[in-house]
Amino acid sequence: TVIPSKTLANRVEMPYVGLGVYKMTDREEALQAIAKALEIGYRAIDTAALYNNEVEVGEAIRHSGIKRDEIFVTTKVWNNDQGYDETLRAFETSLKKLGLDYIDLYLTHWPVEDKFVETYRAIERLYEEKLIRVPGVSNHHAHHLEKIFAKANVLPMVDQIELHPYLSQEELRAFCKEHDIAVTAWSPLGRGKVLKDETISKIASSVGKTAAQVILRWHYQNDVITIPKSVTLNRIEENMQIFDFELTSEQMTQIDRVNKNERVGQNPDTFH
Ligand code: NAD
Numbered sequence: 002t003v004i005p006s007k008t009l010a011n012r013v014e015m016p017y018v019g020l021g022v023y024k025m026t027d028r029e030e031a032l033q034a035i036a037k038a039l040e041i042g043y044r045a046i047d048t049a050a051l052y053n054n055e056v057e058v059g060e061a062i063r064h065s066g067i068k069r070d071e072i073f074v075t076t077k078v079w080n081n082d083q084g085y086d087e088t089l090r091a092f093e094t095s096l097k098k099l100g101l102d103y104i105d106l107y108l109t110h111w112p113v114e115d116k117f118v119e120t121y122r123a124i125e126r127l128y129e130e131k132l133i134r135v136p137g138v139s140n141h142h143a144h145h146l147e148k149i150f151a152k153a154n155v156l157p158m159v160d161q162i163e164l165h166p167y168l169s170q171e172e173l174r175a176f177c178k179e180h181d182i183a184v185t186a187w188s189p190l191g192r193g194k195v196l197k198d199e200t201i202s203k204i205a206s207s208v209g210k211t212a213a214q215v216i217l218r219w220h221y222q223n224d225v226i227t228i229p230k231s232v233t234l235n236r237i238e239e240n241m242q243i244f245d246f247e248l249t250s251e252q253m254t255q256i257d258r259v260n261k262n263e264r265v266g267q268n269p270d271t272f273h
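Residues in the sequence shown are numbered consecutively from 2, following full-length UniProt numbering.
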């Protein structure tokens with residue numbers, strides 16, 4: 002299976018499905034999961050300074066034998082490193098840990114009040130210096146993005162937000178689309194919570210796919226990039242087998258209707 006890519010605002014291609022590696026802190030487990038993913042066709046890895054596995058991500062990439070420019074690496078600046086100079090320093094540390102000479106996508110992890118605009122300005126500078134291929138943010142609401150628009154020359158090209166059928170984020174998705182910002186869904190499966198949903202299970206059995214595949218396909222048909230996390234080899238594989246079937250508009254609408262505006266993670270307006 003070849004995972005298709007989304008063309009971002011600056012024409013860079015980002016795979017629609019990548020491997021999320023949050024909580025992969027066991028070294029061997031992380032190395033093995035990432036190696037397997039790359040072997041079967043994943044070409045994007047989503048890490049963060051917070052996840053404490055940038056070293057393993059870099060190692061797994063080097064050991065894969067796949068050319069660097071065929072792999073899309075995302076990492077993020079953590080909250081206590083925000084601000085202009087701090088972000089530039091945090092980036093250096095991430096680059097060293099990954100053992101890379103550039104990063105594909107660099108994100109502000111959360112919009113730390115009074116700092117996220119300066120943090121983004123540093124990301125913009127890294128983009129101008131060609132140390133990253135794409136500038137972006139995570140967990141930014143429209144009002145955060147608007148503050149950035151007022152100060153930035155190059156607008157964020159990706160916003161990575163919590164998004165799954167129980168938190169469908171219709172308004173923020175529409176806002177991002179209007180500004181040519183690609184949306185990436187974190188916890189695309191609602192950390193496993195949405196897998197047991199009755200409507201989704203019914204659709205899954207009628208199309209002969211798993212609930213996880215139906216959810217990830219729903220994201221894809223909504224033009225949303227996903228980064229499902231698993232360390233289980235057959236699930237890693239299952240999560241990329243979503244390009245050989247299609248949900249009808251009726252099925253898409255049924256899934257839209259299970260939204261409850263229910264988060265599994267923190268709210269960007271009240272996080273701590
Ligand atoms: P997820 O929705 O990807 O769910 C992961 C859970 O679902 C795991 O417990 C896994 O065992 C289970 N699972 C995965 N595939 C399955 C399958 N096919 N069948 C059954 N169960 C399956 O949630 P997540 O890990 O929170 O999010 C994914 C990634 O998003 C993270 O690894 C990380 O990279 C990113 N993330 C980013 C932020 C942020 O603030 N930017 C926050 C959380 C997560």
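C-beta: ideal position from N, C-alpha, C; glycine also.
Just so we're clear, the structure is a prediction, and the values are computed from it rather than from any experiment.
#### Entry: Presumed contact (8 Å Cβ cut-off) between E163 and G266, rounded CB distance
5 Å
### Task
Compare the C-beta of E199 with all C-beta atoms of chain B and state if any pair is closer than 7 Å.
The chain inventory of the structure shown lacks chain B, comprising one protein chain alone.
### Message
Quick check: the Cα distance between K24 and V208, rounded to an integer number of angstroms?
### Response
32 Å
### Message
Here's the rule I'm using: 16 or more other beta-carbon atoms within 10 Å means buried, otherwise exposed. How should R174 be labelled?
### Response
buried
### Query
For the stretch 115-133 against the stretch 29-38, are there 3 or more C-beta pairs whose distance is under 8 Å?
no
### Task
Pick helix, strand or coil for Q255, following the three-state DSSP scheme.
helix
### Message
Three Cβ pairs or more, each shorter than 8 Å: is that satisfied between the stretch 132-144 and the stretch 106-120?
### Response
yes
### Query
Do N154 and V113 come within 7 Å of each other at the CB atom, strictly closer than that value?
No, the pair does not count as a contact, with Cβ atoms beyond the cut-off.
### Query
Could you check where the beta strand (DSSP E) with T88 kicks off and where it finishes?
No beta strand (DSSP E) holds T88; the alpha helix (DSSP H) holding it covers Y85 to L99.
### Task
Quick one: give me the first and last residue of the beta strand (DSSP E) that I133 is part of.
I133 to S139
### Message
Does the beta-carbon of I228, which I'm using as the reference point, lie nearer than 6 Å to any heavy atom of the ligand NAD?
### Response
For I228, the CB falls within less than 6 Å of some heavy atom of the ligand NAD.
### Query
For E119, which residues from the same chain have a beta carbon less than 8 Å from its beta carbon, with the 5 sequence-adjacent residues on both sides left out?
For E119, where only same-chain residues beyond five positions count, the Cβ hits under 8 Å are Q83, G84, Y85 and T88.
### Message
Is the beta carbon of V195 closer than 7 Å to that of A34?
### Response
Taking 7 Å as the cut-off, the Cβ atoms of A34 and V195 do not count as close.
#### Entry: Proximity test, S231 beta-carbon vs the ligand NAD heavy atom, cut-off 6 Å
yes
### Task
Reducing DSSP to helix, strand and coil, say where D115 ends up.
coil
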